[in-house]
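Colleague:
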Amino acid sequence: MPITQKELLEKEFKSEGVNLFGGLLNPGLYVLAGTSKVGKSMVATTMANCVAQGIDFFGKSMPKGKVIYFDNDNYDFETKNRIISLNLSGTNEILYEFNDSKSIYDINERLNQIVDMEKYKLIIIDSYVGLDEVISSNDSYYEVYPILKELRDIVVKKNLICILIHHTKKNKERIDQDNLIGSKALSGATTGTLLLSVRNEFDTHGELKLILRSNKSIIKIKKDKKNINWILDTDEHSITEEIPKNILLLINTVVSLEKHELVGTCQEIVQKTKMELNPNYLTKYLKQNKPYLDENHITFINDRNGQKRIIKIVYHENDKMTG
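Residues in the sequence shown are numbered consecutively from 5, following the numbering used here.
See the structure below:
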């Protein structure tokens, strides 16, 4: 049954009020990615313990709740050594699952067995490439997207936040979503990406980049005194960058169109998207905000239609299927 926009805004969702990372992460599927051996599992383990204790993580509040850690990438003794090296005392609020962690089917079955699911806030899957469904796919967008969508549906239905650990390509000066190894469905089908941006495994300073649909945050981090774990770099300030409202309006309009294509004069585009902008500055504005458009797979070109100057704005959904 259709619902009006007003009714949608007035509707109360079970997921409202469930959040982590200072309210930035809501129920959904997120990718935590970085190059090999830079400390992704260390970060995930620390995050899990912060949730279990209800203490801040990288300066962001983490409401207390239970955690389940599905580990298909490490032996149990390796996980134990990681916990010891992080100087964690251990808690009953974190449940580790090694055997039933190798497929989305097994993970869903295991979650269905938990009777006090309402007490859980966070799921960690370490790692993405260890899932049977991913191993048996040919890593095409068409195959990977439904896999991730199924996992996302599971965690959203259960009102959970899920962190999926994955790798980025090596030897990249600038780490962004396009550096994720494998299909671009990893960014297209998930709720957001957390990038552990470190130049190499020996670097002692780095960034945790949060790439979400309506928020971009960069948190400066550094290695602790023992050079083991990543901690907040208090010498630097977190940089929070929200996607401009006009760009959000443009993105939402183009994506919602049947052909994912918006063509018109500057004035027509401003009117159709309801952007609060002088049409004469539209082209300049799009150039200034091109990084936001690139991240959302949107391009624009200037063209002519007879005597009129027009702009063609396209959402490249099919381009995402080539990864």
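Even glycine gets a Cβ: it sits at the ideal position worked out from N, Cα and C. These figures come from a predicted structure and were not determined experimentally.
Is it buried or exposed for residue 75, if we count other Cβ within 10 angstroms and need 16 for buried?
Modeller: Burial call: buried.
Colleague: Residue range of the beta strand (DSSP E) that residue 281 falls in?
Modeller: From DSSP, residue 281 is part of no beta strand (DSSP E); its letter is neither H nor E.
Colleague: How is the alpha helix (DSSP H) around residue 82 delimited, first residue to last?
Modeller: Segment 80-89, the alpha helix (DSSP H) holding residue 82.
Colleague: Let me check one thing: in DSSP terms, what residues is residue 276 bridge-paired to?
Modeller: According to DSSP, residue 276 bridges with nothing at all.
Colleague: Taking residue 210 and residue 201 to be in contact with their CB atoms under 8 Å, please state how far apart those CB atoms are, rounded to whole angstroms.
Modeller: Confirmed, Cβ separation roughly 6 Å.
Colleague: What's the call for residue 279, buried or exposed, on a 16-neighbour Cβ count within 10 Å?
Modeller: That one is buried.
Colleague: Going by DSSP, what residues sit across from residue 166 in a beta bridge?
Modeller: Residue 166 pairs with 33 and 127.
Colleague: Residue 242 to residue 224, Cα distance in whole Å?
Modeller: Low per-residue confidence applies at residue 242: pLDDT is 49, beneath 50, and the placement is therefore not dependable, though the value from the model is reported in the following sentence. If you take the alpha carbons of residue 242 and residue 224, they lie about 6 Å apart.
Colleague: Report buried or exposed for residue 45, applying the criterion of at least 16 other Cβ atoms within 10 angstroms of its Cβ.
Modeller: That one is buried.
Colleague: Go to residue 192, then tell me how far its alpha helix (DSSP H) extends in each direction, as first and last residue.
Modeller: Residues 189-192.
Colleague: In terms of residues, what are the limits of the beta strand (DSSP E) holding residue 306?
Modeller: Per DSSP, residue 306 belongs to the beta strand (DSSP E) from 302-309.
Colleague: For residue 167, count neighbouring C-beta atoms within 10 Å of its own C-beta (all shown protein chains included) and say buried if the count is 16 or more, exposed if not.
Modeller: Its Cβ being crowded by 16 or more others within 10 Å, residue 167 is buried.
Colleague: Out of 138, 12, 57 and 139, which has the shortest C-alpha to C-alpha gap to residue 96?
Modeller: Nearest of 138, 12, 57 and 139 to residue 96, Cα basis: 57.
Colleague: Can you tell me which of 194, 183 and 274 puts its alpha carbon nearest to the alpha carbon of residue 33?
Modeller: If we check each option's Cα against that of residue 33, 194 comes out closest.
Colleague: Pull the bridge partners of residue 225 from the DSSP assignment, please.
Modeller: Looking at the DSSP assignment, residue 225 forms a beta bridge with 210 and 236.
Colleague: Which first and last residues belong to the alpha helix (DSSP H) in which residue 156 is found?
Modeller: Its alpha helix (DSSP H) spans residues 145-161.
Colleague: DSSP on residue 75, reduced to helix/strand/coil?
Modeller: Looking at residue 75 - three-state DSSP - the assignment turns out to be strand.
Colleague: Per DSSP, which one or two residues make a beta bridge with residue 196?
Modeller: Paired residues: 34 and 216.
Colleague: When you compare only the Cα positions, how much space is there between residue 216 and residue 237?
Modeller: Their Cα atoms are separated by approximately 22 Å.
Colleague: Less than 6 Å between C-beta atoms, sequence neighbours within five positions excluded: which residues of the same chain meet that for residue 126?
Modeller: Cβ neighbours of residue 126 beyond the five flanking positions: 55, 71 and 165.
Colleague: Work out the CA separation of residue 302 and residue 252 for me, nearest whole Å.
Modeller: So the two alpha carbons sit approximately 12 Å from each other.
Colleague: Whose C-beta lies closer than 7 Å to the C-beta of residue 173 among residues of the same chain, with five residues either side of it excluded?
Modeller: Counting only Cβ-Cβ distances below 7 Å, and skipping sequence neighbours, we find 183 and 185.
Colleague: When you compare only the Cα positions, how much space is there between residue 136 and residue 12?
Modeller: So the two alpha carbons sit approximately 37 Å from each other.
Colleague: Using DSSP with H/G/I as helix, E/B as strand and the rest coil, what is residue 312?
Modeller: Three-state DSSP puts residue 312 in a strand.
Colleague: Which residues does DSSP pair with residue 318 in a beta bridge?
Modeller: 265 and 303, per the DSSP bridge assignment.
Colleague: Take residue 227 and list the residues in its own chain whose beta-carbon comes closer than 6 Å to its own, dropping the five residues that flank it on each side.
Modeller: Around residue 227: 208.
Colleague: Start and end of the beta strand (DSSP E) containing residue 132?
Modeller: Premise fails: residue 132 is in no beta strand (DSSP E) and is neither H nor E.
Colleague: Considering only residues of the region 90-117, which uninterrupted beta strand (DSSP E) runs meet the minimum length of 3 residues and lie entirely inside it, listed in chain order?
Modeller: If we require 3 residues or more, the beta strand (DSSP E) runs fully inside the region 90-117 come out as 98-101.
Colleague: Residues in the same chain with beta-carbon distance under 6 Å from residue 25, minus the five sequence neighbours each way, listed in chain order, please.
Modeller: Correct list, in chain order: 64.
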